[in-house]
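J.: According to the UniProt record's numbering, the sequence shown is numbered sequentially starting from 1.
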Amino acid sequence: MSVKTTWEDLSILGWPKQNVYNKANASRGGTMEGLGDISLNAGIAAEYQWWSYNELSGQPYIVSKIPTMTNREETAWSYDNTQNSEPFTDTWTEKWTNTTTASLTVDSSLTIGLSASITILDVASMGFNLTVTMGQSQTDSKSQSYELSHTWELKVGPNEKLSLVRVITMSGEEVVYNQQFGIRSGSLLGSEYQDHYYWARDINSLLGTPRGQLTLRGSGRSTTHQYKLIRESPKGRTIEPVPAYAVNKNNRLTGQVPAAVLEGWAAQTRLVIGEGIIKDAIGASPAA
């Protein structure tokens, strides 16, 4: 449903009624006789059905974006085989939950009357499309959780110590969006000219297409888990990422996870831990 323009709306857009009258009167050669000679969705404007409506203008766009990311490491499993000359093999099952949430809120309080929806795609880079409706819901949010598990077979060589380390990554993003609003193209203002001539004036043409700006704030949070093996021996130390999201017999419940989400988690593993084995990492023992 379209919302008709009011004088208060025009004032918010920078055009109080007196200023609109001054502009219209100047364009009519100064022959108008007062504020009663202009009308907006009432009086002669309503009589001749010269209507004016508000609208959103263009698409929402990003003004600023602030990402955050923190990692916390925990030892999930460890075995010290440094005093033995025989290998050791064990299995370990991890269960965890990855969560993602996003919200979108209308931040501006000073706005014209609007009855329209604003949809923003991939709010705060969390993969959710959110919609707010002016005059109704001023906020929207979505969340998704995945319960996962994985079983590893862990082999510890002679004279080695092996640790499976859980890396919990908490990432977020705060985004400010702007959405312009104004008067619909073709909206008309009624004016009286020389006491008896009524004129329909195009509001955007008369006032220079006034625009206002609506601010929306998007917020996103995600918690994901990655895993790595730290192997220590007389030759030094290596760090190796281990697969937690490959679909196989050791990985349960991933069949419920979209492929794009799995790839996102795998990409985060590459970002946080790396893609290959890191040898002689900081704190490693000198090579034998």
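C-beta atoms are modelled at their ideal positions from N, C-alpha and C, and glycine is treated no differently.
(1) If distances are taken between C-alpha atoms only, which option among 184, 65, 241 comes closest to residue 275?
(2) Extract the residue ranges of the beta strand (DSSP E) inside the stretch 170-252, only unbroken runs of 3 or more that lie entirely within it.
(3) Any idea what DSSP makes of residue 264, helix, strand or coil?
(4) Any idea if residue 147 is buried or exposed, counting beta-carbon neighbours within 10 angstroms, 16 or more meaning buried?
(5) Who does residue 144 pair with in a DSSP beta bridge?
(6) So for residue 22, helix, strand or coil by DSSP?
(7) Would you give the residue range spanned by the beta strand (DSSP E) that residue 77 belongs to?
(8) I need the straight-line Cα distance from residue 234 to residue 165, nearest angstrom please.
(9) Mind checking residue 104: buried by the 16 CB within 10 Å criterion, or exposed?
(10) What span of residues does the beta strand (DSSP E) with residue 130 cover, start to end?
(11) Within its chain, find whatever has a CB closer than 8 Å to the CB of residue 78; leave out the 5 residues flanking it on each side and keep chain order.
(12) Residue 284 to residue 228, Cα distance in whole Å?
(13) Residue 11 lies in the alpha helix (DSSP H); which residues open and close that run?
(14) Are the beta-carbon atoms belonging to residue 278 and residue 225 less than 9 Å from one another?
(15) Mark residue 270 as exposed unless 16 or more other C-beta atoms lie within 10 angstroms of its C-beta, in which case mark it buried.
(16) With residue 44 as the anchor, note down where its alpha helix (DSSP H) starts and where it stops.
(17) Buried or exposed: which applies to residue 80, given that a residue is buried once 16 or more other Cβ atoms fall within 10 Å of its Cβ?
(18) Within the continuous beta strand (DSSP E) that includes residue 120, where are the two ends?
(19) Which same chain residues, not among the five before or five after residue 9, have their C-beta less than 7 Å away from its C-beta?
T.: The short version:
(1) Checking every option, the nearest Cα to that of residue 275 belongs to 241.
(2) 188-193, 197-202, 211-233, 236-241
(3) helix
(4) exposed
(5) 100
(6) helix
(7) 54-80
(8) 20 Å
(9) buried
(10) Its beta strand (DSSP E) spans residues 130-133.
(11) 161, 162, 163, 164
(12) Note that residue 284 scores a pLDDT of 44, beneath 50, so its modelled location is shaky; the value from the coordinates is reported in the next line. Near 16 Å, if we compare the C-alpha coordinates of residue 228 and residue 284.
(13) 7-12
(14) Taking 9 Å as the Cβ cut-off, residue 278 and residue 225 do not qualify as a contacting pair.
(15) Residue 270 is classed as exposed because its beta carbon has fewer than 16 other beta carbons within 10 Å across all chains shown.
(16) 43-47
(17) exposed
(18) 117-120
(19) 54, 112, 113
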